[in-house]
Amino acid sequence: MSSINFEKISKECKAYINKELLKALPEYSNNASLRNLVEYETTNFKNFHIHDTKKREKRNEFFSELIANINCHGTVEKLKKILSVCQVSESYIDDIKTELKSIPLMELDVQTQCWAVIECALRDGYSLQGLMEDHIQNIGRNKKPFSLNNKNITTQDGESFSPDSSLDKIVQFLTLTLKMFSYEHNLLSSGEIVIPSKIGVEEPVVSNATEVFYCSLLWHELITCAKSCILFDNNIQIAKVEEIPDFIKEKGIDSGVLFNRTIDKFERYDAISNERLSRRLSQNLWEGIASSNIEKIIPKYVTGWSGTLDNPILLEEFQFLISLMEAIASHDKDHMVLGLSLREWVRGYSVIAYLSKEIKQKVLYTKGELMSMLRLGGFKEKKAETFIKHITFGDDSRDLYDSPLVKISDYSFFLYTPAYTSPLISNIILSKFSSKQADLTKKGYGFEKDIIEILNDKKLENRSFKFKRGNDEFEYDVIFLLDDKVFILECKNTNLSGGSVTRAYQKKKFIFDTALQVKRLVVGLTSHPEVFKEHFDKDIGDYEIIPVIMNNLPFSIPGSVDGVFVTDSSSFGRLLRSRYINSGIISHQDEYRITDHNPVFSMWGSDTLKASDIINHFNNPVQLQDFIKYEKIGEYPLIIKRRKVFFNVVTETDYDKMNVDQSDYFVKTQSVQQVLTCSPLISTPRC
1 MSSINFEKIS KECKAYINKE LLKALPEYSN NASLRNLVEY ETTNFKNFHI HDTKKREKRN
61 EFFSELIANI NCHGTVEKLK KILSVCQVSE SYIDDIKTEL KSIPLMELDV QTQCWAVIEC
121 ALRDGYSLQG LMEDHIQNIG RNKKPFSLNN KNITTQDGES FSPDSSLDKI VQFLTLTLKM
181 FSYEHNLLSS GEIVIPSKIG VEEPVVSNAT EVFYCSLLWH ELITCAKSCI LFDNNIQIAK
241 VEEIPDFIKE KGIDSGVLFN RTIDKFERYD AISNERLSRR LSQNLWEGIA SSNIEKIIPK
301 YVTGWSGTLD NPILLEEFQF LISLMEAIAS HDKDHMVLGL SLREWVRGYS VIAYLSKEIK
361 QKVLYTKGEL MSMLRLGGFK EKKAETFIKH ITFGDDSRDL YDSPLVKISD YSFFLYTPAY
421 TSPLISNIIL SKFSSKQADL TKKGYGFEKD IIEILNDKKL ENRSFKFKRG NDEFEYDVIF
481 LLDDKVFILE CKNTNLSGGS VTRAYQKKKF IFDTALQVKR LVVGLTSHPE VFKEHFDKDI
541 GDYEIIPVIM NNLPFSIPGS VDGVFVTDSS SFGRLLRSRY INSGIISHQD EYRITDHNPV
601 FSMWGSDTLK ASDIINHFNN PVQLQDFIKY EKIGEYPLII KRRKVFFNVV TETDYDKMNV
661 DQSDYFVKTQ SVQQVLTCSP LISTPRC
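Structure follows, in structure tokens:
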């Protein structure tokens with residue numbers, strides 16, 4: 001039995017002490033727990049201290065000693081890469097810090113600093129909103145359908161960009177800058193960041209904050225790139241001269257670093273999962289509007305609010321509630337999390353969204369004003385207090401999406417209204433649950449019961465059971481039979497990353513760990529054939545076993561991971577429900593309606609679902625095909641002090657090309673009369 005003191009080793013690692021760890025390393029090859037500990041401590045980004053010059057030398061010595069003493073080539077190479085990424089990245093971090101200190105704004109008092117960056121973020125946010133409003137006004141004027149995949153807008157100069165991505169950058173700028181000011185000027189009080197009272201800031205000073213904005217962008221992108229290369233199988237390399245654009249060379253920069261984030265496909269599939277969720281929410285919203293005309297019951301003014309939680313105040317509110325319930329596998333809208341029900345969480349953020357959209361120029365609120373709006377929205381007084389406390393910006397907040405209220409020293413609150421231009425409220429709430437470390441272990445009905453219901457609707461024979469042999473216990477969420485195949489489904493109810501590289505990496509580890517778990521279940525079934533005989537009255541030897549990880553949210557990977565398929569309930573349920581993927585037109589004249597349902601893709605080889613159809617779906621899920629077909633490599637150069645450049649190289653979705661192709665398809669398949677009379681047209685793949 002091992003005498004390794006894992007708790008002591010973990011504590012020492014955080015201080016870059018490896019005394020106990022070096023003693024244990026002879027057991028490295030044979031001790032999985034030790035290997036897992038080393039991996040965790042050497043990939044935990046909090047342990048790297050890239051921005052802390054005083055701790056770098058100790059970190060470098062710590063890694064060097066591990067590299068010299070671990071007898072495993074793969075681990076040694078990984079540790080060398082991690083150390084290299086840290087050292088290259090922090091040389092750029094130092095330059096960013098130097099550039100930041102040289103900005104005139106940073107020499108002014110903290111009150112001016114805070115309100116200069118806030119005014120800068122508001123100016124940029126309002127400008128972005130104006131472009132988005134112009135874009136919306138132009139929809140339908142060219143008589144071409146507007147696809148739900150139309151993520152980008154085009155400026156007057158013909159430049160296409162993603163407004164969501166641009167808004168994310170502004171929100172991250174304000175988030176990071178306020179946290180930096182809090183750290184440097186001790187603005188933290190009981191976990192909440194309290195900024196000085198509002199003052200007027202002259203335009204030249206506000207414009208000066210743009211330089212802070214750019215430094216914040218550099219910092220955020222650099223840390224993201226470094227995390228990607230450390231946590232995933234991506235690489236950092238010196239950029240070749242021919243890889244540097246001419247406009248950068250003209251500035252006297254002829255060398256740089258390239259963070260190649262295109263190597264590890266898992267990060268790409270993680271990004272697709274977030275994009276799929278966004279698309280599904282949009283599709284469900286528009287289909288809900290078209291089928292129920294819910295817009296007719298939404299009050300136009302706050303005076304029409306019922307004062308209860310029963311009636312929606314936003315068009316999207318019901319779909320956000322459904323999405324949130326799906327995410328935590330609960331059918332109960334009154335399911336309690338952190339002292340509030342799910343519908344209270346959705347309603348609270350809906351009130352914030354209402355204020356941001358309807359009174360977007362008002363950014364300062366007293367607590368009394370916020371309480372009154374929440375009470376009108378159906379909150380009891382104590383619940384309103386709880387909600388305000390939860391969404392107040394603090395040191396544990398992820399960003400100004402999930403914590404939109406910034407406390408001011410005069411006891412009022414600042415609300416960055418552009419952040420709620422088109423918020424995905426269900427995702428924001430999940431982010432809040434994560435940052436608050438909410439206990440979501442009480443899952444309610446159990447995700448696997450929904451999967452069983454899907455199988456029962458298709459009349460597929462299925463069972464759930466567990467058994468024990470000696471000290472080994474095997475629990476099967478769902479097993480179902482079709483043709484000569486036995487499908488073992490391990491149902492997993494987990495969140496998506498929301499764009500966080502760290503959470504994406506945790507997802508990857510979770511998937512690989514779960515794959516091992518499912519393969520163990522396969523062995524349990526083949527090693528004890530009498531169990532299968534007991535439950536199905538059939539011989540397991542007559543079947544091929546297909547191990548599957550079934551995710552609750554839209555996360556699938558084409559093919560298999562370590563011999564196990566990875567799919568999700570949304571795509572799997574759609575596969576079982578009917579043979580064809582359909583398209584439809586959502587049109588609006590007097591009211592919204594869905595017309596022209598046309599089959600565009602067959603998921604079955606015949607009129608009857610076969611096991612081979614399911615396996616084909618696992619290998620090449622139709623829901624991912626558009627994202628894979630329209631992939632492109634994006635190379636984004638970021639310049640520091642006109643001396644250095646680093647490139648963020650990522651695989652991303654070419655929404656411009658996707659939208660053009662899909663809009664052209666709808667024009668070709670609809671009659672001229674329909675195209676001329678339906679305004680606007682919303683095209684949607686019904687999947």
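So in the working numbering, spot 341 of the sequence shown is number 341, and the numbers just go up one at a time. The C-beta atom is built at its ideal place from N, Cα and C for all residues, glycine as well.
Please classify S527 as buried or exposed, where buried requires at least 16 other C-beta atoms within 10 Å of its C-beta. exposed
How many angstroms separate the CA atom of F719 from the CA atom of T392? In the structure displayed, the chain extends from 1 to 687; residue 719 sits before or after that span and is not available.
K367, enclosing alpha helix (DSSP H) - first and last residue: 367-376
So, with DSSP's three-state summary, where would you put I359? coil
Quick check: what's the CA-CA separation for Q172 versus Y301? 31 Å
Looking only at DSSP bridge pairs, what is I488 linked to? I479, P547
Starting from M336, follow its DSSP beta bridges and name the residues at the other end. S341
Scan the segment 229-264 and note each continuous alpha helix (DSSP H) run of 4 residues or more that stays entirely inside, going in chain order. 246-249
Residue(s) in a DSSP beta bridge with S409: DSSP lists no partner for S409.
Of the residues V257, G130, I545, which one's Cα is nearest the Cα of R643? V257
To which residues does DSSP link I193 through a beta bridge? L188
Is it buried or exposed, E7, if we count other Cβ atoms within 10 angstroms and call 16 or more buried? exposed
Would T651 be called buried (16 or more neighbouring beta carbons within 10 Å of its own) or exposed? buried
Since N36 is in the alpha helix (DSSP H), which residue starts that stretch and which ends it? 32-43
Within 10 angstroms of its Cβ, does S426 collect 16 or more other Cβ (buried), or is it exposed? buried
Would Y636 pass as a contact of F647 if the rule is Cβ separation under 9 Å? yes
Between I50 and K169, what straight-line distance do the alpha-carbon atoms span, to the nearest angstrom? 21 Å
Cα-Cα separation between K54 and Q437, rounded to whole angstroms: 31 Å
Looking at C-beta atoms only, is the number of pairs between the segment 481-492 and the segment 610-629 that lie closer than 8 Å three or more? yes
DSSP-derived helix/strand/coil call for V201: coil
Mind checking whether D477 and E448 have CB atoms under 9 Å apart? yes
Between the CA atoms of Y214 and K367 - distance to the nearest angstrom: 33 Å
Using alpha carbons as the reference points, say which of L440, N552, P104 lies closest to P204. P104
In this structure, how does DSSP classify C114 when only helix, strand and coil are distinguished? helix
Are the segment 123-130 and the segment 188-202 touching by the rule of at least three beta carbon pairs closer than 8 Å? no
Comparing alpha-carbon positions, which option in A329, S341, L575 lies nearest N495? A329
Can the beta-carbon of I322 be found less than 9 Å from the beta-carbon of P404? no
What's the C-alpha gap between N208 and P196? 19 Å
Where I96 sits in the DSSP three-state scheme: helix
In chain order, what are the residue ranges of uninterrupted alpha helix (DSSP H) at least 4 long that sit wholly in the segment 555-639? 569-577, 611-619, 622-629
DSSP state of F532 mapped onto helix, strand, coil: helix
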